[in-house]
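Participant: Here it is: the structure, laid out below.
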Amino acid sequence: MTPRIVHVASGREWRGGQRQVWLLGRELEARGINQVVVTARGSELARRLRSSGTRVHEAAWTIGLDPRVLGPILNELRRPALLHAHDAHALTLAGVASMLTGAPLIVTRRVTFPLRRRFFWHRARRIIAISRAVYERLVQDGVDPARVVVIPSAVDAPATAADSVDMRTRLGLPRTGQLAVMLGALTPEKDHLTAIRAAARLVRDLPELHWVLIGEGPERPRLQREIVQLRVSERVHLMGELDDPHRALAGADVFVLSSTHEALGTSALAAMAQGVPVVATNVGGVPEVLGSGCGVLVESQNPEALANMVQRVLRDPGPRRQLTVAAKQELGRYSASGMAEQVLSVYRSCAHSLDRS
62 MTPRIVHVAS
72 GREWRGGQRQ
82 VWLLGRELEA
92 RGINQVVVTA
102 RGSELARRLR
112 SSGTRVHEAA
122 WTIGLDPRVL
132 GPILNELRRP
142 ALLHAHDAHA
152 LTLAGVASML
162 TGAPLIVTRR
172 VTFPLRRRFF
182 WHRARRIIAI
192 SRAVYERLVQ
202 DGVDPARVVV
212 IPSAVDAPAT
222 AADSVDMRTR
232 LGLPRTGQLA
242 VMLGALTPEK
252 DHLTAIRAAA
262 RLVRDLPELH
272 WVLIGEGPER
282 PRLQREIVQL
292 RVSERVHLMG
302 ELDDPHRALA
312 GADVFVLSST
322 HEALGTSALA
332 AMAQGVPVVA
342 TNVGGVPEVL
352 GSGCGVLVES
362 QNPEALANMV
372 QRVLRDPGPR
382 RQLTVAAKQE
392 LGRYSASGMA
402 EQVLSVYRSC
412 AHSLDRS
């Protein structure tokens, strides 16, 4: 028997973690699971969950640790339920609610950074790590390995042609223009600087190549300065946010991931699902996705290595075809349905705790 589930997810932005909450909620709803998601009022996550039939309790949630969220969580725990926190801010709020009510606590860890505030992580009944790299980081931080289960994130079905965003038209490029697409918040760990420096190395060798960076974040001013300094303003385009970044993958010639830290690389999975070859840095959980020949790995913070590999993939159709074929075979491991079934197993393993909470 599957218990009632109260999810807590901050949802104040729309990134990979929020997409995973939506996919999980959608899949559990299709299985008739009794659930509710406490998240930020008016967020994209709330909108998508409602559209898939999942019940949402929208809360005033404007800062990370917003105390106003505690009331809605406690309100949902008036009936017995498991608590599932989906990010660090959600964990603190859900952890307090768990201590007040005795509700068993489950949490998902989506990054490979060291734990900073460890109390609630050590109190959780189960921790879902989205990759082996995340698992190993948690164990290094003193978490009992028996309480950690690895469940990879899922990739959704690719966008249809009608849903895609035509970047060539938007940028006024010819149809023969080549596109290297990057998805991700403009934050230090995504290391877009290395990608911009790689782009500068390819201006002469690949005169039709344009780099499209989808995302927003605090690094934008620094990246803009680098683009100007390297004189690649006509070749590297900071496009800001899209309501669904994956829509920008349609028509891409290569997907580039230049991160210095990456728990799994769900944006790479999205590219694989659209048949776009992937060049990515060999960090965190990325080798778990691409290591079997589904993509090409390069060392991080090395613009020359990144540029050389992008050039090789774009110039040689043979390896490009091999990458996309291998990627299609690998994607079965990352289905939303399979992910949901594994999470359900975690819930059921904790169901007995409701009688003793």
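Take 62 as the starting number for the sequence shown in my numbering and just add one per residue. We treat Cβ as the ideally placed atom computed from N, Cα and C, and that holds for glycine. Bear in mind that the values here come from a model prediction, so they are computed numbers and not experimental data.
#1: If you drop the 5 nearest sequence neighbours on each side, which residues of the same chain put their C-beta closer than 7 Å to that of Ala223?
#2: Ordered along the chain, which non-local residues of its own chain (more than five positions away) have a Cβ less than 7 Å from that of Cys411?
#3: What are the start and end residues of each continuous beta strand (DSSP E) run of 3 or more residues lying completely inside the segment 289-332, in chain order?
#4: Just checking: is the beta-carbon of Leu274 within a distance shorter than 7 Å of some beta-carbon in chain B?
#5: Is it buried or exposed, Thr221, if we count other Cβ atoms within 10 angstroms and call 16 or more buried?
#6: Three-state secondary structure (DSSP) at Ala341?
#7: Just verifying my parser: in three-state terms, what is the DSSP assignment at Ala222?
#8: Taking its Cβ as the centre, do 16 or more other Cβ atoms sit within 10 Å of Lys389, making it buried, or is it exposed?
#9: Measure the alpha-carbon distance for His291 versus Met370 and round it to whole angstroms.
#10: Does DSSP put Ser414 in a helix, in a strand, or in coil?
#11: Answer with buried or exposed for Gly346, where buried requires no fewer than 16 other C-beta atoms within 10 angstroms of its C-beta.
#12: May I ask you to report which of helix, strand or coil DSSP gives Val359?
#13: Of the choices Leu131, Leu234 and Ala401, whose alpha-carbon is the least far from that of Leu270?
#14: Got a sec, what are the start and stop residues for the alpha helix (DSSP H) Leu152 sits in?
#15: Taking DSSP's pairing of strands, which residues face Val117 in a bridge?
#16: Check whether the Cβ atoms of Arg193 and Gly78 lie closer than 7 Å to each other.
#17: Could you compute how far the alpha carbon of Arg229 sits from the alpha carbon of Glu295?
#18: Given this structure, state the Cα-to-Cα distance separating Gln383 from Gly354, to the nearest angstrom.
#19: Name the DSSP beta bridge partners of Met243, please?
#20: Please classify Gly86: is it buried, with 16 or more other beta-carbons within 10 angstroms of its beta-carbon, or exposed?
#21: For Ser418 and Gln201, what's the separation of their Cα atoms in angstroms?
#22: If you check the beta carbons only, do Val97 and Ile134 fall under 7 Å apart?
#23: Does DSSP put Arg187 in a helix, a strand or coil?
#24: Does the segment 356-364 come into contact with the segment 199-218, if we say contact requires no fewer than three beta-carbon pairs (one atom in each stretch) closer than 8 Å?
#25: Using 7 Å as the threshold, is the C-beta distance between Val273 and Met300 below it?
#26: What separation, rounded to the nearest whole angstrom, lies between the Cα atoms of Ala146 and Val293?
#27: Are Thr321 and Glu365 close, meaning C-beta to C-beta below 7 Å?
#28: Taking Gly132 as the reference, which of Ser112, Leu110, Ser159 and Leu106 has the closest Cα?
#29: Can you tell me whether Val404 is helix, strand or coil according to DSSP?
#30: What residue range does the alpha helix (DSSP H) around Leu232 cover?
#31: Leaving aside the five residues before and after Glu287 along the sequence, list all residues of the same chain whose C-beta is less than 7 Å from its C-beta, in chain order.
#32: What residues match up with Gln166 in a beta bridge as DSSP calls it?
Facilitator: Taking the definition as stated:
#1: Low confidence applies here, because Ala223 scores a pLDDT of 49, under 50, leaving its location unreliable; read the following figure in that light. Closer than 7 Å at Cβ, skipping near neighbours: no residue.
#2: Leu143, Pro165, Ile167, Arg186 and Arg187
#3: 297-301 and 315-318
#4: Protein chains in the displayed structure number just one, and chain B is not present.
#5: Residue confidence is low: Thr221 scores 49 on pLDDT, short of 50, so the model does not pin down where it sits. No coordinate-derived value is stated.
#6: strand
#7: Low local confidence applies: a pLDDT of 49 at Ala222 is under 50, so the model's placement there is unreliable, and no value is given.
#8: exposed
#9: For the sequence presented, residue 291 should be read as Leu rather than His. Those two C-alpha atoms are separated by around 20 Å.
#10: helix
#11: buried
#12: strand
#13: Leu234
#14: Ala149 to Thr162
#15: Val98
#16: no
#17: 13 Å
#18: 8 Å
#19: Leu274
#20: buried
#21: Bear in mind that the predicted position of Ser418 carries a pLDDT of just 48, short of 50, making it too unreliable to give a figure here.
#22: no
#23: strand
#24: no
#25: yes
#26: 42 Å
#27: no
#28: Ser159
#29: helix
#30: Met228 to Leu232
#31: Leu254 and Ile257
#32: Sequence check: residue 166 is Leu here, not Gln. For Leu166, which the question treats as bridged, DSSP gives the partners Leu144.
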